[in-house]
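Residue numbers (the UniProt record's numbering): 1 to 236.
Beta carbons are placed, not taken as given, at the ideal position from N, Cα and C, and that holds for glycine.
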């Protein structure tokens, strides 16, 4: 049993925990950037029905969607060093745990982003692709200059939700020894036996960050869609 509830400890714990916010945001930023690249790379075989790669991506997305992120984290943490050592004689057992967390969340985000991008790219009017080809653009130029910028705008709301979900999922990083906010919270619980106060402090911090992210994403979404509103007004 924990000690008697002490409201003042929440005020004391929040500054202590927030010192480790940088590590949480570092994990989030790195995994989102890598997941963004991986998501685009995984979406292309699905869009163009590339043999073998298409089936591999389907299996990859299905596996990520069908397994908990915590299990994926343990598979990467214990499995990746074993595979690299067995196949390539590369020893990464001494690599810092935070890198395994980033790899795991990048893989997880990549699967989600690939499906978001695939739907968004298909939503772009094909007439614009035909127009790009008519002025001499190559397929690559059309994709990166015409299709992808519009697809990112279409995909942005779902991507924002994925980022917020990933932020909350980073709380599992402490399970393999990463000293982020949750990891520091775990040590505070062990030292003080005030678990409720620690979890309330963490919930307050996460909630404030999520609200801030939601407001930022809302403003960005309005910015990305500024020309769409102008077009609608002009047509009206």
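Own chain, CB closer than 6 Å to residue i, minus 5 neighbours either side, in chain order
i, result
"residue 34", "106"
"residue 23", "180"
"residue 67", "none"
"residue 152", "none"
"residue 100", "76, 77"
"residue 223", "none"
"residue 236", "Note that residue 236 scores 43 on pLDDT, short of 50, meaning its location in the model is unreliable; the coordinates nonetheless yield the value given after this. Closer than 6 Å at the Cβ level, and outside the excluded window around residue 236, lies no residue."
Inter-residue Cα distance where the pair is residue i and residue j
i, j, result
"residue 122", "residue 97", "38 Å"
"residue 193", "residue 187", "10 Å"
"residue 79", "residue 20", "27 Å"
"residue 113", "residue 159", "7 Å"
"residue 207", "residue 175", "21 Å"
"residue 156", "residue 221", "7 Å"
"residue 59", "residue 3", "48 Å"
"residue 85", "residue 76", "13 Å"
"residue 44", "residue 53", "9 Å"
"residue 95", "residue 226", "45 Å"
"residue 62", "residue 8", "46 Å"
"residue 215", "residue 209", "10 Å"
"residue 137", "residue 50", "22 Å"
"residue 82", "residue 38", "23 Å"
"residue 203", "residue 211", "12 Å"
"residue 242", "residue 71", "With the chain covering 1 to 236 only, the question about residue 242 has no answer from this structure."
"residue 139", "residue 191", "60 Å"
Residue i and residue j closer than 8 Å at C-beta
i, j, result
"residue 111", "residue 65", "yes"
"residue 218", "residue 102", "no"
"residue 10", "residue 162", "no"
"residue 238", "residue 170", "In the structure as shown, the chain begins at 1 and stops at 236. Residue 238 is therefore absent and cannot be evaluated."
"residue 104", "residue 73", "yes"
"residue 172", "residue 69", "yes"
"residue 197", "residue 36", "no"
"residue 164", "residue 213", "yes"
Residue i burial status per 10 Å Cβ neighbour count (16 or more: buried)
i, result
"residue 234", "A caution first: residue 234 carries a pLDDT of 44, below 50, which makes its placement in the model unreliable, though a value can still be read off. Exposed."
"residue 182", "buried"
"residue 6", "exposed"
"residue 115", "buried"
"residue 178", "buried"
"residue 135", "exposed"
"residue 108", "buried"
"residue 87", "exposed"
"residue 90", "exposed"
"residue 40", "buried"
"residue 232", "For residue 232, the pLDDT reaches just 44, beneath the cut-off of 50, and the residue's location in the model is therefore unreliable, although a value from the coordinates is still provided. Per the 10 Å Cβ criterion, exposed."
Residues of its chain near residue i, where Cβ-Cβ distance is below 8 Å and the 5 sequence neighbours each way are ignored
i, result
"residue 199", "185"
"residue 16", "184, 188"
"residue 18", "181, 205"
"residue 118", "43, 46, 47"
"residue 145", "132, 137"
Cut-off 7 Å between Cβ atoms - residues of its own chain near residue i, not counting five sequence neighbours on either side
i, result
"residue 147", "121, 124, 129"
"residue 142", "129, 132, 133"
"residue 275", "Residue 275 falls outside the range modelled here, since the chain spans only 1 to 236, and no answer is possible."
"residue 150", "124"
Short CB-CB distance (under 8 Å) between residue i and chain C
i, result
"residue 99", "Annotation note: the requested chain C is absent from the structure, which comprises a single protein chain."
Segments assigned alpha helix (DSSP H), at least 4 residues, entirely inside the region 85 to 120: none
Minimum length 3: unbroken beta strand (DSSP E) runs contained in the region 2 to 44: none
Contained alpha helix (DSSP H) runs [length at least 4] in the region 185 to 225, N- to C-terminal order: 195 to 224
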